[in-house]
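Visitor:
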Amino acid sequence: MQNIVQPITWEGESSTLMSIRDITQDKKRIEVKLINYLRNMMFKSFTHEIRTPFNTIRAFLDLAKGIIKTLKSKYGLTIEIKKIEKYIFSLEYAGIVIL
1 MQNIVQPITW EGESSTLMSI RDITQDKKRI EVKLINYLRN MMFKSFTHEI
51 RTPFNTIRAF LDLAKGIIKT LKSKYGLTIE IKKIEKYIFS LEYAGIVIL
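Residues 1 to 99 (the numbering used here) make up the sequence shown, in order.
(1) How far does the beta strand (DSSP E) with E13 in it reach, from first residue to last?
(2) Determine the extent of the alpha helix (DSSP H) in which G76 is found, giving its start and end residues.
(3) Comparing C-alpha positions only, which one of K69, K65, K28 and S73 sits nearest to E92?
(4) Please tell me whether T17 and I8 are closer than 8 Å, where the distance is taken between their beta carbons.
(5) Quick check: what's the CA-CA separation for V5 versus T52?
Here you go:
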């Protein structure tokens with residue numbers, strides 16, 4: 001509840017005007033806005049903190065794929081390279097799912 005008391009002049013006489021207003025809905029609206037703002041800020045920060053390392057990992061995986069491609073063309077496909085390609089694919093897929 002919000003009480004407002006102010007002096008007024010009514011029909012030439014000094015008087016006091018008192019009004020009472022229920023501000024419960026205003027408080028709830030402000031609280032919801034604050035919660036949404038904080039949640040959005042946390043989510044933005046979280047996604048930035050997660051994306052930065054994952055982008056580095058993805059760049060490393062691209063580099064590894066280039067090296068594997070070179071090894072395949074120079075020396076032919078070997079079992080070890082197939083395993084590495086499988087691991088790279090798994091890491092790439094996990095990164096896509098998370099991002």
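Using N, Cα and C, we set each Cβ at its ideal position, and we do this for glycine too.
Guide: Here's the rundown:
(1) Residue numbering aside, residue 13 sits at position 13 when the sequence shown is read from its first letter. Taken as a continuous stretch (DSSP letters only), the beta strand (DSSP E) holding E13 covers E13 to R21.
(2) Working through the sequence shown from its first residue, we reach residue 76 at position 76. First-last for G76: undefined, no H or E at that position.
(3) The count along the sequence shown starts at 1 and reaches residue 92 at position 92. Taking E92 as reference, the option from K69, K65, K28 and S73 with the minimal CA-CA separation is K65.
(4) Working through the sequence shown from its first residue, we reach residue 17 at position 17. Working through the sequence shown from its first residue, we reach residue 8 at position 8. Contrary to the premise, residue 17 reads as Leu rather than Thr in this sequence. It is a contact, given that the beta carbons lie within the stated cut-off.
(5) Residue mapping note: residue 5 aligns to position 5 of the sequence shown, counting from 1. Residue mapping note: residue 52 aligns to position 52 of the sequence shown, counting from 1. Those two C-alpha atoms are separated by around 56 Å.
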